[in-house]
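To keep things clear, I will list the structure first and then write my remarks on it.
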Amino acid sequence: MPELPEVETVRRTLSPILGAKAEKVWWSGKNLRLNKPFDLAAIKEASEGATLESVDRIGKYLILYWKGRKQAVLVHLGMSGRLRYFEGESERPKHTHVEWSLKDGRILRFSDPRRFGQVETLQRGQEREHASLTKLGPDPLTDGIDPSYFYQGCKRRGRSIKLALLDQSLVAGLGNIYVSEALWMAKIHPTRIAKTLSKTRCENLRKASLEVLDRALEHGGTSLKDFVSAEGHAGEHSHYLWVYDREGKPCPNSECPGVIRRIVQQARATFYCPRCQR
Ligand SMILES: [Zn+2]
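For the sequence shown, the numbering used here gives the first residue as 1045, with consecutive numbering after it.
Below, the structure is given as structure tokens:
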């Protein structure tokens, strides 16, 4: 599942099509997330005949702003979604659900085999009021994470720190991969109850979360299954992961004799070192 660094990579790699005009919107006829009815008329109204002005991101949501339009297009990649552009005429790849033919001949496509993704509209200037965004915490890359906000947030959460971070209301965009990585870096056990963490340990975790995201972004994101940038390139970060998907391997901390273990928390795998994470 694409997380914040992957979505930010998509956002950045869409820059070559900024300034392009959308001539026509096409839809596959299939609904996306939770089989919610797809509103083609709204997507057309928000983009058809207009120039792509900018692409923003809040957490794992991308927002495409088309010049002069009051509504913007909200995209979530879900589990397997891709948003990428193609040069000139090309055969429509399987599982394409939305397509913007651009006036310059290129085509912007949203594809999603599992259809957990989302393509909707939202009101420009009132982004955070959209039902999907209203509960999101601050975006770590654009807003940073305020130390006292983070500590107070942990203090209010009586669940494990892994689940508290996954929930998106404390910090937007951290998902299963980078939560495991940040907890390893901060030496915090994933089942530890969030509110029992000391101020110092919260601060270590806050810094680790930011560092883990920055590091992944440098490598263009992690491609475990099929993530690609808007240009169609796979991210290289999977070669640099410390604990995620490394069950049975030695702890990357050379001074630690521990072996990486895998547990399941709320149906999601967590990877950690039982020796150095407390
Ligand atoms: Zn260790």
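Glycine included, every Cβ here is placed at the ideal spot set by N, Cα and C.
Going by Cα to Cα distance, which pick from Leu1152, Gly1202, Tyr1288 and Pro1182 is closest to Val1256? Tyr1288
What's the gap between the Cα of Ser1145 and the Cα of Arg1250? 42 angstroms
Arg1101 to Val1051 span [Cα, whole Å]: 8 angstroms
Reference Tyr1316; option with closest CA among Arg1305, Gln1310, Arg1322 and Gln1309: Arg1305
Which residues in the same chain as Ala1064 place their Cβ atom closer than 6 angstroms to its Cβ, once the five residues preceding and following it in sequence are excluded? Leu1096, Leu1146 and Asp1148
For Phe1182, I'd like the list of residues in its chain whose CB is within less than 8 angstroms of its CB, leaving aside the five on either flank, ordered along the chain. The amino acid at residue 1182 is misidentified as Phe; the sequence shows Pro. Closer than 8 angstroms at Cβ, skipping near neighbours: Gly1188, Ile1189, Asp1190, Tyr1193, Val1215 and Ala1216.
May I have the straight-line CA-CA distance separating Lys1179 from Arg1168, to the nearest angstrom? 18 angstroms
Supposed close pair Val1069, Leu1127 - CB separation, criterion 8 angstroms: With a Cβ gap of about 14 angstroms, Val1069 and Leu1127 do not count as contacting.
Start and end residues, beta strand (DSSP E) containing Lys1068: Ala1066 to Trp1071
Below-7 angstroms beta-carbon distance, Arg1101 vs any chain C residue: The structure shown contains no chain C, having only a single protein chain.
Under the rule that 16 or more other beta-carbon atoms within 10 Å means buried, what is Thr1244, buried or exposed? exposed
Classify Leu1062: buried if its beta carbon has 16 or more other beta carbons within 10 angstroms, exposed otherwise. exposed
Since I believe Gln1115 is in contact with Leu1166 (beta carbons under 8 angstroms), could you give me their beta-carbon distance rounded to a whole number of angstroms? 7 angstroms
Only counting the same chain, and skipping five residues up and downstream in sequence, which positions put a Cβ closer than 6 angstroms to that of Gly1276? Arg1128
In whole angstroms, what is the alpha-carbon distance linking Gly1122 and Pro1296? 30 angstroms
Cβ-heavy atom distance, Arg1319 to ligand 1, below 6 angstroms: yes
Own chain residues within Cβ distance below 7 angstroms of Gly1112, not counting five before or after: Ala1094
Mapping the DSSP letters down to three states, classify Leu1084 as helix, strand or coil. helix
Please list the terminal residues of the continuous alpha helix (DSSP H) segment that includes Ala1260. Lys1243 to Glu1262
Take the Cβ of His1281 as the centre, count every other Cβ of all protein chains shown within 10 Å, and call the residue buried at 16 or more, exposed below. buried
In this structure, how does DSSP classify Ser1192 when only helix, strand and coil are distinguished? helix
Across which residues does DSSP place Pro1013 in a beta bridge pair? Residue 1013 is absent from the structure shown; the chain starts at 1045 and stops at 1322.
Determine the contact status of Ala1226 and Asn1248, defining contact as a CB-CB distance below 7 angstroms. no
Of the residues Ile1237, Cys1320 and Leu1185, which one's Cα is nearest the Cα of Leu1207? Ile1237
In terms of residues, what are the limits of the alpha helix (DSSP H) holding Ser1224? Asn1220 to Met1229
Return the residue from the list Cys1198, Gly1264, Ala1278 and Thr1235 that minimises the CA-CA distance to Ser1242. Cys1198
Exposure label - Lys1293; buried when at least 16 CB within 10 Å: exposed
Check whether Cys1300 and Arg1319 have beta carbons under 7 angstroms apart: yes
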